[in-house]
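Numbering (the working numbering), first residue to last: 7 to 161. Built from N, CA and C at the ideal position, the CB exists for glycine as well. For clarity, every value in this text was computed on a predicted model and none was experimentally measured. One structure is given here, and the rest of the page talks about it.
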Amino acid sequence: MKTIHTAKAPEAIVHGGLLFTFGQIAINPASGQVEADTIEGQTEQVMKNLAALLEEAGASFDSVIKTTCFLSDMADFAAFNAIYGAYFVSKPARSCVAAKQLPKNVLVEVELIAAACQPPYRRRESQAAFPVLFLCLVLRFQPLREGFQVLQRVG
Numbered sequence: 007m008k009t010i011h012t013a014k015a016p017e018a019i020v021h022g023g024l025l026f027t028f029g030q031i032a033i034n035p036a037s038g039q040v041e042a043d044t045i046e047g048q049t050e051q052v053m054k055n056l057a058a059l060l061e062e063a064g065a066s067f068d069s070v071i072k073t074t075c076f077l078s079d080m081a082d083f084a085a086f087n088a089i090y091g092a093y094f095v096s097k098p099a100r101s102c103v104a105a106k107q108l109p110k111n112v113l114v115e116v117e118l119i120a121a122a123c124q125p126p127y128r129r130r131e132s133q134a135a136f137p138v139l140f141l142c143l144v145l146r147f148q149p150l151r152e153g154f155q156v157l158q159r160v161g
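Here you go:
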């Protein structure tokens with residue numbers, strides 16, 4: 007298990023090739039404060055925090071498997087979903103629930119699980135997500151690795 011620390015967002019954990027984020031709220035890492043007061047502004051900050059953690063884990067929004075979203079008011083769902091959908095175009099599995107009160111009285115909190123690829127197999131900007139995920143799987147799972155070697159010998 008590895009803990010990821012970045013100056014751009016709170017920490018997360020990588021274990022077994024998966025990234026598990028802590029619930030991300032709209033804290034600006036530069037100031038340590040919640041600066042936005044609208045659902046749109048807070049959702050954008052949450053997405054920036056998640057993007058920083060994904061990047062540090064060698065992942066992207068396309069490698070997200072599951073999200074859990076908490077809203078302080080379900081009436082904000084449409085505004086939240088418009089911004090959420092612009093980031094999560096791959097449409098991972100999602101749960102979205104109303105919470106009576108969130109930390110620091112924010113309007114939104116999001117946590118996620120994503121396929122992560124740690125160094126030295128970190129994704130570069132010029133690489134597509136699928137080949138990197140495939141490489142992570144081949145290198146991580148022995149049966150897949152052996153099958154890949156057989157395919158190389160046959161082909």
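When rounded, the separation of the alpha-carbon atoms in residue 64 and residue 11 is 13 Å. Under the three-state reduction of DSSP output, residue 121 falls in the strand class. In the three-state DSSP reduction, residue 115 falls in the strand class (E or B). The residues 19, 20 and 21, in chain order, have a CB closer than 8 Å to that of residue 7 in the same chain once the five nearest residues on each side in sequence are set aside. Restricting attention to 87, 89 and 62, the CA atom closest to the CA of residue 27 is found in 62. If you ignore the 5 residues before and after residue 54, its C-beta comes within less than 8 Å of the C-beta of 14 and 15, all in its own chain and listed in chain order. The beta carbons of residue 70 and residue 96 sit closer together than 8 Å. Distances from the CA of residue 112 to each of 100, 88, 82 and 78 were compared; the closest alpha carbon is that of 78.
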